[in-house]
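K.L.:
According to our numbering, the sequence shown is numbered sequentially starting from 31.
Glycine residues also receive a C-beta, built at the ideal position from the N, C-alpha and C atoms.
Every value quoted in this text rests on a predicted model; they were computed, and no experiment measured them.
I'd like to ask some things about the structure below.
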Amino acid sequence: MFNTGEKLASIQQKIHTIQDRLEANRIYHEEQENGYCGVSCYSWKRFLNQQTFYAHLLKIFTLFALAVAHLIYMQSFLTSFSAMEDYNQRIISKYPHQQFSPHGLDTRAVYRQVEMLADYKKTTWMTIGAMCIALSTSCFFLFILPISQIRRLNVNLMRIIDIIAFGTIPIMLLNRQLVADNLQEHLQEALQTGHKLAPADKLMNTLICTIHYREGLPFCSKLVLESIFPVILLKYLLILTILTLAYIALAYLIEYCIRHWFPPSNDYDDCELPKSSPERCCHNKVYMPIIIHPKNPLIHA
């Protein structure tokens, strides 16, 4: 039969143990709210590990903005380019070998503008091709890689392809901006010169415009310039693609540094949130199991 003093001492010891456990939980929740380790440690680690995911989401948004812009302007540009190309062929067929007309007019003025439009068209299709490749690599990282076992070498190769494909987009946008700036300066003058060499009736009827001032009709040069991307839009898209590219490169760099310079240690492994006990995170060292005798000493004496 237990002594009453021993029973009280045993109960008091268990009460102290419970109080210590409650105090440890209180400290744990305070540290969690103040940003120390705990769930905050896990959340920060998870946030860093998901930078690649966030970067590809931003890239998809950027590609969507580029696709919408091309959808709005592409058809009108192709129509304007076709009309300009036909008019240029008419002038060249009239002056096949002469650099200047008998009146001293430049017979290749329209030709140079059409060449710049052709370069703009070429870079436009190259931009669309790079967008398709960039979208494919994002689909690989977002949908295929998480559910597939792929060699690290192949994953790194896909990252290189992704950076190169998306990195060419701002370069081609910059080229198109330079072409647009050049066209704004010389297109109207070239069309006026060409109109003196050969009538531009077909061009004006196709685009419903005029080369010389006529009330109620826009200038053909203005319609052609409006069919390509506005310079201000090209600048915004250029800035957006550069920032997105920088974020993608930074996300890959963060992932590389975490994997090679900060490998997971045992302490950080404990920061993983177990499914069975989500609150035991980095505080397993202060976890104090309570061992209570199955029999109540006050009843089962």
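(1) Taking the straight line between their C-alpha atoms, what separation do you get for A210 and I258?
(2) Which residues in the same chain have their Cβ closer than 7 Å to the Cβ of R138, if we skip the five residues on either side of it in sequence?
(3) Report yes if the C-beta of T109 is less than 7 Å from at least one heavy atom of the ligand COA; otherwise report no.
(4) For I191 and V144, I'd like the C-alpha separation in whole angstroms.
(5) Using beta-carbon positions only, say whether L237 and A113 come within less than 8 Å of one another.
(6) Taking P200 as part of the alpha helix (DSSP H), name the residues at either end of that continuous run.
(7) Can you tell me whether DSSP reads F259 as helix, strand or coil?
(8) Along the chain, where does the alpha helix (DSSP H) containing Q81 start, and where does it finish?
(9) According to the neighbour-count rule (16 or more other Cβ atoms, all chains shown, within 10 Å of its Cβ), is I121 buried or exposed?
(10) Near T198, what residues of its chain come up, given a Cβ to Cβ distance below 6 Å and the 5 sequence neighbours on each side ignored?
(11) Helix or strand or just coil, what does DSSP make of T137?
(12) Can you tell me the Cα-Cα spacing of I158 and P132, whole angstroms?
(13) What residue range does the alpha helix (DSSP H) around L175 cover?
(14) So, M202 versus M156, is the Cβ gap smaller than 8 Å?
(15) Considering T236, what are the terminal residues of the alpha helix (DSSP H) in which it resides?
P.N.:
With the structure as the only source:
(1) For the purposes of this step, residue 210 is taken as the residue at position 180 of the sequence shown. For the purposes of this step, residue 258 is taken as the residue at position 228 of the sequence shown. Rounded to the nearest angstrom, the two C-alpha atoms are 8 Å apart.
(2) By 1-based counting over the sequence shown, the position of residue 138 is 108. Result list for R138: Q129, in chain order.
(3) Ligands are entirely absent from the displayed structure, and the ligand COA is therefore not among its contents.
(4) Your numbering for residue 191 matches position 161 in the sequence shown. Your numbering for residue 144 matches position 114 in the sequence shown. Between I191 and V144, the C-alpha separation is close to 33 Å.
(5) Taking the sequence shown and counting its residues from 1, one reaches residue 237 at position 207. Taking the sequence shown and counting its residues from 1, one reaches residue 113 at position 83. Yes, they are a contact pair.
(6) Here residue 200 corresponds to residue number 170 of the sequence shown, with the count starting at 1. 182-227 is the extent of the alpha helix (DSSP H) around P200.
(7) Locating residue 259 in the sequence shown gives position 229, counting from the first residue. Three-state DSSP puts F259 in coil, outside helix and strand.
(8) Taking the sequence shown and counting its residues from 1, one reaches residue 81 at position 51. From DSSP, the alpha helix (DSSP H) with Q81 extends over 81-124.
(9) Here residue 121 refers to the residue found at position 91 when the sequence shown is read from its first residue. Label assigned to I121: buried.
(10) Locating residue 198 in the sequence shown gives position 168, where the first residue counts as 1. Around T198: A160.
(11) Taking the first residue of the sequence shown as 1, we reach residue 137 at position 107. Coil, per DSSP.
(12) The count along the sequence shown starts at 1 and reaches residue 158 at position 128. The count along the sequence shown starts at 1 and reaches residue 132 at position 102. Taking the straight line joining both Cα atoms gives about 44 Å.
(13) Here the question's residue 175 lines up with position 145 in the sequence shown. First-last for L175: undefined, no H or E at that position.
(14) Residue mapping note: residue 202 aligns to position 172 of the sequence shown, counting from 1. Residue mapping note: residue 156 aligns to position 126 of the sequence shown, counting from 1. Closer than 8 Å, so yes.
(15) By one-based count along the sequence shown, residue 236 stands at place 206. Start and end: 231-237.
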